[in-house]
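> Can you keep this structure in mind? I'll have questions shortly.
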DNA sequence: TTGGAATGTTAGTGATCACTAACTATCTTC
DNA sequence: GAAGATAGTTAGTGATCACTAACATTCCAA
């Protein structure tokens with residue numbers, strides 16, 4: 021593993037724990053087992069190190085493919101699949117989310133981190149529209165319901181992100197299944 | 021307005037914008053129109069200033085009262101009322117949320133900020149249980165559905181908090197009504 | 001009018017920060 | 001084995017940070 025890699029991984033780890041401002045370049049270098057000079061020689065600045073790290077380690081989910089190939093047009097099955105895909109994507113980018121959400125001056129970098137949710141919203145809206153034209157969904161505002169679905173899962177993700185000790189004792193999967201059931205009953209004719 | 025008040029308000033404003041670490045005591049004092057010495061004489065430390073500010077300006081919603089007096093036992097009406105109450109509470113505490121969520125070292129202070137969501141979850145679970153015993157709700161896990169409702173609104177709140185320019189063009193109220201409709205259809209026998 | 005509390009001013013502490021200069025050591029590669 | 005790239009070491013820049021000491025001022029209540 022070369023110096024650049026070690027530095028980027030160390031930066032992500034530390035910044036996810038204590039924030040961009042909360043970690044010094046000296047500490048990142050030490051955690052990477054590398055001299056601080058190497059950090060500046062490779063990246064020029066602390067901010068650039070973070071940018072390059074996000075660029076490289078932002079997990080790029082291929083959601084389009086899932087929507088094209090794995091849907092069954094059974095609302096329950098599909099929503100469960102989509103929900104799982106959402107959380108897998110978000111979990112993989114967990115640390116990056118923590119970093120960019122934790123510092124308002126990093127708002128510019130949020131663009132990248134929120135690319136997938138936006139894409140998913142688009143795909144999900146299309147899915148609901150198609151389901152309605154197949155007569156498997158009630159007449160409703162497809163985009164509004166897609167956003168509701170996204171919000172529910174976004175809230176679930178962030179509540180776990182910010183409060184490791186959950187507000188409830190219920191297992192995550194159980195709430196997830198209840199919510200799928202809710203959408204299925206609520207949107208099926 | 022005395023010095024303490026001016027300092028606490030200035031601290032909340034600045035910290036909500038640029039984070040706890042992003043604002044200096046000198047800047048807070050200047051924004052309050054007060055000398056930096058006054059800050060330390062009144063609060064002793066930067067952290068204590070924030071703690072006292074949260075203590076004093078955390079909006080304490082009286083949700084129990086709403087649940088006792090304003091419910092109509094019409095699912096649609098009640099969920100709309102509860103959703104509105106949730107967002108009003110969260111909006112009032114918006115800045116405090118931004119501060120404590122933005123800095124992981126402030127995790128201890130999150131307790132206070134998350135008191136209301138926890139209380140609301142409890143009340144909502146009770147409401148769903150009562151509705152079921154009145155035969156107005158399907159057989160379902162009341163707590164799981166309450167959490168789903170909370171997550172949906174938590175996600176809505178945070179997505180507005182972190183991304184002022186929304187991911188969608190739909191007005192907030194419209195999604196809110198769609199989601200109430202979703203719950204009403206999904207949970208009514 | 002006077003005493004005391006609150007506030008301001010100024011100058012400073014030592015620590016830490018991001019970042020740099022200058023020089024040396026270790027590699028690989030031809 | 002020389003060249004060139006990559007790394008480490010050391011020492012430092014100037015800035016900013018939270019926080020303090022010492023002294024001067026303002027202002028209100030008794």
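Residue numbers (the working numbering), protein chains in the order written: chain Y, 21 to 209; chain W, 21 to 209.
We treat Cβ as the ideally placed atom computed from N, Cα and C, and that holds for glycine.
1. Please state the DSSP three-state secondary structure of residue 33 of chain Y.
2. If you measure beta-carbon to beta-carbon, which residues of the segment 166-183 of chain Y are closer than 9 Å to chain W?
3. Less than 7 Å between C-beta atoms, sequence neighbours within five positions excluded: which residues of the same chain meet that for residue 114 of chain W?
4. Could you please give the first and the last residue of the uninterrupted alpha helix (DSSP H) stretch that includes residue 103 of chain W?
5. Have a look at W:156, W:171 and W:72 and flag the residue whose alpha-carbon is nearest the alpha-carbon of residue 27 of chain W.
6. Who are the neighbours of residue 42 of chain Y on chain W, taking C-beta pairs under 8 Å?
7. Which residues in the same chain have their Cβ closer than 8 Å to the Cβ of residue 76 of chain Y, if we skip the five residues on either side of it in sequence?
8. Measuring straight from C-alpha to C-alpha, what distance separates residue 34 of chain Y and residue 149 of chain Y?
9. Using 8 Å as the cut-off, can you tell me whether the segment 48-55 of chain Y makes contact with the segment 77-93 of chain Y, which would need three or more C-beta pairs spanning the two stretches below that distance?
10. Quick check on residue 98 of chain Y - is its C-beta less than 8 Å from some C-beta in chain W?
11. Which residues in the same chain have their Cβ closer than 8 Å to the Cβ of residue 91 of chain W, if we skip the five residues on either side of it in sequence?
12. Does the distance from the CB of residue 140 of chain Y to the CB of residue 207 of chain Y come in under 8 Å?
13. My guess is that residue 167 of chain W and residue 188 of chain Y are in contact by the Cβ rule of under 8 Å, so how many angstroms apart are they, rounded?
14. Is residue 40 of chain Y helix, strand or coil when you go by DSSP?
15. Roughly how many angstroms separate the alpha carbons of residue 52 of chain W and residue 40 of chain W, rounded to a whole number?
16. Provide the residue span of the alpha helix (DSSP H) that contains residue 179 of chain W, from first to last.
17. Does the Cβ of residue 137 of chain W have 16 or more other Cβ atoms within 10 Å, making it buried, or fewer, making it exposed?
18. Should residue 138 of chain Y be flagged as near chain W, meaning a C-beta pair shorter than 8 Å?
19. Between W:88, W:42, W:64 and W:202, which lies nearest to residue 125 of chain Y when the distance is taken from Cα to Cα?
20. For the alpha helix (DSSP H) containing residue 137 of chain Y, name the first residue and the last one.
21. Under 7 Å between beta-carbons, which chain Y residues line up against residue 227 of chain W? List them in chain order, please.
22. At 9 Å on the CB atoms, spell out the chain Y contacts of residue 148 of chain W, in chain order.
23. Whole angstroms are fine: how far does the CA of residue 209 of chain W sit from the CA of residue 133 of chain W?
24. What is the C-beta distance between residue 177 of chain Y and residue 110 of chain Y, in whole angstroms, given that I count them as a contact (C-beta under 8 Å)?
25. By DSSP, does residue 90 of chain Y sit in helix, in strand, or in coil?
26. Starting from residue 46 of chain Y, follow the alpha helix (DSSP H) in both directions and report where the run begins and ends.
27. Going by C-alpha distance, which of Y:117, Y:184, Y:106 and Y:70 is nearest residue 87 of chain Y?
28. Can you give me the C-alpha to C-alpha distance between residue 193 of chain W and residue 174 of chain Y, rounded to a whole angstrom?
29. Would you identify the three-state DSSP class for residue 64 of chain Y, choosing helix, strand or coil?
30. Would you tell me roughly how many angstroms separate the C-alpha atoms of residue 78 of chain Y and residue 127 of chain Y, rounded to the nearest one?
31. Can you look up residue 27 of chain W in the DSSP assignment and give me helix, strand or coil?
32. May I ask you to report which of helix, strand or coil DSSP gives residue 157 of chain W?
Based on what the coordinates show:
1. Three-state result, residue 33 of chain Y: helix.
2. Shown in chain order are the members of the segment 166-183 of chain Y whose Cβ falls below 9 Å from a Cβ of chain W: 166, 167, 168, 169, 170, 171, 172, 173, 174, 175, 176, 177, 178, 179, 182 and 183.
3. Hits under 7 Å: 181.
4. Boundaries of the alpha helix (DSSP H) around residue 103 of chain W: 95-112.
5. Comparing Cα positions, the closest option is W:72.
6. Listed along chain W, the residues sitting closer than 8 Å to residue 42 of chain Y by beta-carbon distance are 41, 123, 124 and 125.
7. Listed in chain order, the non-local C-beta contacts of residue 76 of chain Y below 8 Å within the same chain comprise 28, local neighbours out to five positions each way being set aside.
8. Roughly 43 Å separates the two Cα atoms.
9. By the Cβ criterion, the segment 48-55 of chain Y is not in contact with the segment 77-93 of chain Y, since fewer than three pairs of Cβ atoms, one from each stretch, lie closer than 8 Å.
10. With 8 Å as the cut-off, residue 98 of chain Y does not count as an interface residue toward chain W.
11. Counting only Cβ-Cβ distances below 8 Å, and skipping sequence neighbours, we find 98, 101 and 147.
12. It is not a contact, given that the beta carbons lie outside the stated cut-off.
13. About 6 Å separates the Cβ atoms of residue 167 of chain W and residue 188 of chain Y, confirming a contact at the 8 Å cut-off.
14. Judged by DSSP in its simplified three-state form, residue 40 of chain Y adopts coil rather than helix or strand.
15. Near 16 Å, if we compare the C-alpha coordinates of residue 40 of chain W and residue 52 of chain W.
16. Counting along the chain, residue 179 of chain W sits inside the alpha helix (DSSP H) bounded by residues 162-182.
17. When all chains shown are included, residue 137 of chain W counts as buried.
18. Closer than 8 Å to some Cβ of chain W, the Cβ of residue 138 of chain Y qualifies, so yes.
19. The alpha carbon of residue 125 of chain Y has as its nearest neighbour, out of W:88, W:42, W:64 and W:202, the alpha carbon of W:42.
20. Here the alpha helix (DSSP H) through residue 137 of chain Y covers 135-153.
21. For residue 227 of chain W there is no data in the structure shown, the boundaries of chain W being 21 and 209.
22. Listed along chain Y, no residue sits closer than 9 Å to residue 148 of chain W by beta-carbon distance, the nearest being about 11 Å off.
23. Near 36 Å, if we compare the C-alpha coordinates of residue 209 of chain W and residue 133 of chain W.
24. The beta carbons of residue 177 of chain Y and residue 110 of chain Y sit about 5 Å from each other, so the pair counts as a contact at 8 Å.
25. Three-state DSSP puts residue 90 of chain Y in coil, outside helix and strand.
26. Here the alpha helix (DSSP H) through residue 46 of chain Y covers 45-52.
27. It is Y:106.
28. When rounded, the distance between both Cα atoms is 18 Å.
29. Looking at residue 64 of chain Y - three-state DSSP - the assignment turns out to be coil, as it is neither helix nor strand.
30. Those two C-alpha atoms are separated by around 16 Å.
31. When secondary structure is reduced to three states using DSSP, residue 27 of chain W falls in the helix class.
32. Residue 157 of chain W: coil per DSSP, three-state reduction.
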